[in-house]
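Have a look at the structure below before the remarks.
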Amino acid sequence: MLHNTRLFLSRVNYVPEKRQITVEFSKKNQKASKKYSFFPKMHLSLKKIPKEHLIEALGDYDIRKLKMDFKENTVTIFAATFSDLKKVNNLLNNFFNFRSNLIEPERQFLLEKNWSYFDSFDFSDSEPEQIYTTEFPDASMDFLSDSFKETIASLLLNNKSLAKETINKIVFSKLLRIPLIGREEDKSLEEIFIENIFFLSGKPISIGKSGNKSYFRSIHKKSVIDFSKMVSVMASKPFNNLGFETINCSCCKPWDKEAKNILPSSLVKVNFLREAFYFDSVSSNWAEAYHFSNEEMQTREKRKKEYFLDFYPSGPFSRNASANIILADALKLEQKGLVRIVSQENPSWFCLKNESAFSLEVNRLYEALLTLDSVVENESSSVVASDGLFFSQSLESSPGYHYRKILNKTISRLLASFPRLLTNSSGRFFDKNFAIALEAINSLILKDFEEIAQNSKTRVTFKDSSALVDSSSFMSASKEFRELYRVDKRLLSFSKSF
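For what it's worth, UniProt numbering labels the leading residue of the sequence shown as 1, then goes sequentially.
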């Protein structure tokens with residue numbers, strides 16, 4: 001084993017006949033490898049497939065090659081090889097017309113180890129130790145004659161577009177835990193990242209159509225502030241702990257409505273103080289569920305069409321009538337004197353003991369974002385000081401600079417995508433409880449910004465996780481808002497129109 005040597009994780013190879021994963025670490029002309037026992041797995045929902053039917057369907061298969069771990073409405077199936085998992089998936093499709101989402105074994109291994117391609121490792125006498133770094137991953141690649149860094153440096157001088165395309169692939173490989181080459185799928189960066197979170201959470205991915213919500217654009221003398229990245233961070237620890245495995249956990253149910261782990265998506269009973277009253281919920285998913293489970297659907301459909309609403313209004317409610325609505329809506333309506341909160345009916349909460357896979361991944365991205373921003377800024381200042389007027393040429397020829405810049409941009413893109421993808425009811429990652437909780441957290445953030453904007457006499461309009469404000473005052477409003485939440489400016493994105 002190499003001593004006191006730092007290498008990059010460059011290759012992962014699954015060897016099914018040996019039930020092993022071989023991991024290769026390298027740098028220039030140095031290489032090391034480690035072998036690990038490995039058994040792949042898949043997560044399957046039992047909401048539509050009874051446990052007994054599943055066992056019966058797999059009865060003809062060699063059960064010795066499988067191990068099933070049942071938990072409430074899900075089952076995790078471990079197999080001797082990935083080929084066995086594929087055969088199980090085909091059986092499921094034949095019996096139930098249902099095919100589970102499979103994660104390739106190399107990615108499963110990296111997720112379970114919390115490793116990734118191009119991570120840096122220090123070697124000792126025993127196990128490689130993972131070291132966080134923002135340096136360019138100068139790994140040794142079999143298809144290159146020169147070192148990785150030298151190859152990219154040469155491309156930056158002779159073919160900049162190819163150099164940047166290659167660096168993009170390096171960043172995607174690192175963030176998504178997918179190989180640099182040899183894996184081309186019709187899945188977006190965001191989809192693969194969320195697949196990883198689902199796998200770590202032990203949550204099966206439902207089958208459904210994907211789609212995008214609409215967004216408004218900046219108009220004359222207006223600016224858009226996008227809070228999407230902030231919503232992702234605020235949904236995670238230490239603020240909240242949203243997760244498919246941590247919402248309404250069995251270990252931390254609160255008995256006090258003031259408990260710190262109560263979610264704003266909890267249901268509370270309210271009395272309405274106006275006649276023939278409608279309200280637009282902060283959660284489109286809760287509003288849709290209310291619409292299809294209550295009377296007067298045609299009345300709501302007519303009102304939605306008449307007022308050009310994006311989703312169904314909730315109502316109509318008569319004066320003194322009572323109903324259960326989500327806490328975020330109740331607080332907003334109570335502040336306006338439109339309802340009176342009577343009691344807590346159905347609390348929702350997050351776990352205080354175990355951090356969710358979603359929270360862990362968001363915090364990992366956020367910490368990397370802050371570090372990268374600081375490193376890129378210091379690097380630019382240092383080059384300006386040393387190279388003067390030629391600083392731009394120095395930066396443009398640096399593989400490390402481009403790597404950090406693209407990694408920074410890609411992480412921002414991922415953080416901003418979660419609210420949209422995880423609240424989309426027609427998407428493959430939709431979970432009702434998670435989506436409503438995320439929308440409720442989003443609404444509290446927008447509510448605080450609205451109050452700041454109104455205090456500064458700024459008109460504001462909201463859409464999803466964005467606010468449209470007057471360009472003349474949006475900087476002061478956003479600064480006051482950041483000070484209120486004590487968050488980094490990198491969590492807010494701006495687009496300005498003059």
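A virtual CB, placed ideally from N, CA and C, is assigned to each residue, including glycine. For clarity, every value in this text was computed on a predicted model and none was experimentally measured.
Provide the residue(s) that pair with residue i in DSSP beta bridges, ordered along the chain.
| i | result |
| --- | --- |
| Gln130 | Phe121 |
| Trp349 | Ile262 |
| Lys269 | Asn324 and Ser343 |
| His43 | Thr76 |
| Phe199 | In the DSSP output, where bridge partners are listed per residue, Phe199 has none listed. |
| Ile247 | Phe350 |
| Glu24 | Arg11 and Ser33 |
| Thr371 | In DSSP, Thr371 forms no bridge with anything. |
| Lys463 | Ser466 |
| Ile225 | Ala467 and Phe494 |
Report back the beta-carbon spacing between residue i and residue j to the nearest angstrom; my notes put them in contact at under 8 Å.
| i | j | result |
| --- | --- | --- |
| Glu345 | Lys269 | 5 Å |
| Ser45 | Asn73 | 6 Å |
| Leu200 | Leu273 | With a Cβ gap of about 45 Å, Leu200 and Leu273 do not count as contacting. |
| Ser359 | Ser236 | 4 Å |
| Phe118 | Lys174 | 5 Å |
| Ser456 | Ala477 | 6 Å |
| Lys27 | Ala139 | 6 Å |
| Arg20 | Phe38 | Residue identity differs from the one stated: residue 20 is Gln in this sequence, not Arg. That pair is a contact at about 6 Å. |
Given this structure, state the Cα-to-Cα distance separating residue i from residue j, to the nearest angstrom.
| i | j | result |
| --- | --- | --- |
| Leu85 | Phe109 | 15 Å |
| Ile406 | Leu395 | 13 Å |
| Ser283 | Ile436 | 6 Å |
| Lys209 | Ile192 | Annotation note: pLDDT 40 at Lys209 (below 50); position unreliable, coordinate value reported separately. Roughly 16 Å separates the two Cα atoms. |
| Ile178 | Arg107 | 6 Å |
| Ala453 | Ile225 | 12 Å |
| Asp329 | Phe462 | 16 Å |
| Phe308 | Arg300 | 12 Å |
| Ile167 | Phe148 | 10 Å |
| Val487 | Val171 | 26 Å |
| Glu150 | Lys187 | 31 Å |
| Leu414 | Ser228 | 10 Å |
| Lys160 | Tyr403 | 13 Å |
| Ile219 | Phe494 | Residue placement at Ile219 is poorly supported in this model, since its pLDDT is 45, which falls under 50; the coordinates still yield a value, given next. Those two C-alpha atoms are separated by around 13 Å. |
| Phe390 | Ser397 | Below a pLDDT of 50, predicted positions are generally treated as unreliable, and Phe390, at 49, falls in that range; no measurement from the model is reported. |
| Lys169 | Gly182 | 12 Å |
| Lys48 | Ser426 | 18 Å |
| Ala467 | Asp448 | 12 Å |
Is residue i buried or exposed, if buried means 16 or more other CB atoms sit within 10 Å of its CB?
| i | result |
| --- | --- |
| Asn50 | This sequence places Pro at residue 50; Asn is not what is there. Result: exposed. |
| Cys251 | exposed |
| Ile326 | buried |
| Asn442 | buried |
| Asp132 | In the sequence on display, residue 132 carries Tyr and not Asp. Label assigned to Tyr132: exposed. |
| Glu483 | exposed |
| Lys255 | The sequence as given places Trp at residue 255; Lys does not occur at that position. It counts as exposed. |
| Ala163 | buried |
| Val233 | buried |
| Lys203 | buried |
| Ser14 | Looking at the sequence provided, one finds Tyr at residue 14 rather than Ser. Its Cβ being crowded by 16 or more others within 10 Å, Tyr14 is buried. |
| Leu446 | buried |
| Asp431 | buried |
With respect to 6 Å, is the separation between the Cβ of residue i and the closest non-hydrogen atom of the ligand GTP below this value?
| i | result |
| --- | --- |
| Ala330 | As presented, the structure is devoid of all ligands, the ligand GTP included, so that no description of it is given. |
Looking at the C-beta of residue i, does it have a partner C-beta in chain D at a distance below 7 Å?
| i | result |
| --- | --- |
| Ala32 | Absent here is chain D; the protein component of the structure consists of one chain. |
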